[in-house]
Amino acid sequence: MNVRAARHASAAHLLLILAAALLPGGSPAAAAPAGPELIVHNGRVVTVDPKFTVVRAMSVREGRVTAVGGDDEI
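Heads up: the sequence shown runs through residues -31 to -1, 1 to 43, numbered per mature numbering (1 follows the signal peptide of the UniProt record, and there is no 0).
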């Protein structure tokens, strides 16, 4: 193998390794579930369940309510 071919092969291997390192599944942070963006405590949240339950706290992620309950639960 001449020098030019060896450099080309080394560059190709380096690019392959960099591409694999940048894949989202390769890091533990990508696997961890994301927490809520907003938590509301000490409030009065009326749920729209059959009983219209009133709770004191809720959490929101990506524009959706992810949990409702007491201050200690959320």
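Note that beta-carbon positions come from the ideal geometry of N, C-alpha and C, so glycine has one too.
Please read all numbers here as calculations on a predicted model, not as lab measurements.
Proximity of residue i and residue j at Cβ, strictly below 8 angstroms
i, j, result
"ALA9", "ALA26", "With the sequence shown as reference, residue 9 is identified as Val, and Ala is not the correct amino acid for it. For VAL9 and ALA26, yes; Cβs fall inside 8 angstroms."
"VAL24", "GLY4", "no"
"ARG30", "GLU6", "yes"
Limits of the beta strand (DSSP E) - the one that residue i falls within
i, result
"GLY38", "33 to 38"
"ARG25", "Careful: ARG25 lies outside any beta strand (DSSP E) and carries neither H nor E."
Assigned exposure category for residue i - 16 Cβ within 10 Å defines buried
i, result
"SER28", "buried"
Backbone CA spacing between residue i and residue j [nearest angstrom]
i, j, result
"ASN11", "THR22", "15 angstroms"
"GLU42", "ILE(-15)", "44 angstroms"
"ALA(-20)", "ARG13", "59 angstroms"
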